[in-house]
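Working notes, beginning with the structure itself.
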Amino acid sequence: MLIRKATIDDWKGISSVHVDCMHAAYQEILPPDVLNKFTYTNRETRWKNDLPNTIRGGTMNFVLEDDDKIVGFALGGTMRDARLRIRYTGELYGIYVHPEVQGQGFGKKLFERVAQHLASIHHSSMALWTFKNHQSCSFLEYLGGEEVYEKNTTVAGNELKECAYGWDDLKAFIPTDNSLNL
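Using the numbering used here, you'd call the opening residue of the sequence shown number 5 and step up by one each time.
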């Protein structure tokens with residue numbers, strides 16, 4: 005397994021992981037009409053168009069490869085949410101590990117890579133939004149995240165709760181041995 009910075013040519017692999025993760029992780033949370041819009045074709049078009057802009061912009065994308073196949077990715081950058089920006093300057097926008105390779109520590113490695121990147125560009129803290137009671141909550145708590153904020157959101161006419169997890173000290177994720185590879 006290798007974690008590396010994403011390139012503009014990674015759109016197809018990222019799209020595949022994104023769709024498979026969304027369908028596996030959000031069946032009980034998101035309405036079917038929302039999940040049905042997460043198709044390979046839709047995500048491929050979006051990532052092919054958006055990835056070059058995010059790579060040139062302030063977002064950092066990392067991919068997880070296994071035998072030259074992308075099986076995970078994570079994105080991070082400057083905090084976008086004004087409520088959280090008071091306390092957290094960095095944001096983990098998303099972290100996705102294909103269901104076939106979850107539970108092997110790769111999500112943690114992607115998380116750490118984003119935290120290290122944010123710390124390297126002078127962010128001392130970060131936060132992430134997820135749905136309340138989603139399976140990711142226990143993972144985020146395992147990584148030391150603290151639930152710091154809740155809000156209601158409406159998705160396709162359904163009222164859902166979101167919660168933010170925060171990490172106050174990104175220095176804790178900087179390796180002491182300068183090793184960043186798996």
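Heads up, the beta-carbon is just placed ideally off N, CA and C, and yes, glycines get one too.
Tell me whether the beta-carbon of Tyr97 lies closer than 7 Å to the beta-carbon of Met130. no
Go ahead and pull the three-state DSSP assignment for Ile74. strand
Considering Cα atoms alone, identify which of Leu88, Lys113, Thr43, Val38 is closest to Leu132. Leu88
Mark Glu116 as exposed unless 16 or more other C-beta atoms lie within 10 angstroms of its C-beta, in which case mark it buried. buried
Report the partner residues of Arg8 according to the DSSP bridge assignment. Val67
Using beta carbons (cut-off 7 Å, strictly below), is Ala78 in contact with chain D? Of the chains in the structure shown, none is chain D; there is only one protein chain.
Is Ile18 helix, strand or coil when you go by DSSP? helix
Looking at the secondary structure, which residues open and close the alpha helix (DSSP H) in which Val38 lies? 36-39
Looking at Gly80 and Leu144, is the spacing between their C-beta atoms short of 7 Å? no
Asn162 burial status per 10 Å Cβ neighbour count (16 or more: buried): exposed
Got a sec, what are the start and stop residues for the alpha helix (DSSP H) Phe110 sits in? 110-124
Let me make sure I understand the geometry here. Which of Asp71, Gly94, Lys165, Ser19 has the alpha-carbon closest to that of Asn156? Lys165
On the three-state DSSP scale, how would you describe Thr58? helix
Span of the beta strand (DSSP E), counted from its first residue to its last, around Tyr146: Run containing Tyr146: none in the beta strand (DSSP E); it sits in the alpha helix (DSSP H), 140-146.
Coarse secondary structure for Lys52, derived from DSSP in three states: helix
Determine which residues share a DSSP beta bridge with Glu95 and list them. Gly81, Ala131
With a cut-off of 8 Å, do at least 3 Cβ pairs link the region 47-61 to the region 8-22? yes
By DSSP, does Tyr44 sit in helix, in strand, or in coil? helix
Phe177 versus Ala119: straight-line alpha-carbon distance, rounded: 6 Å
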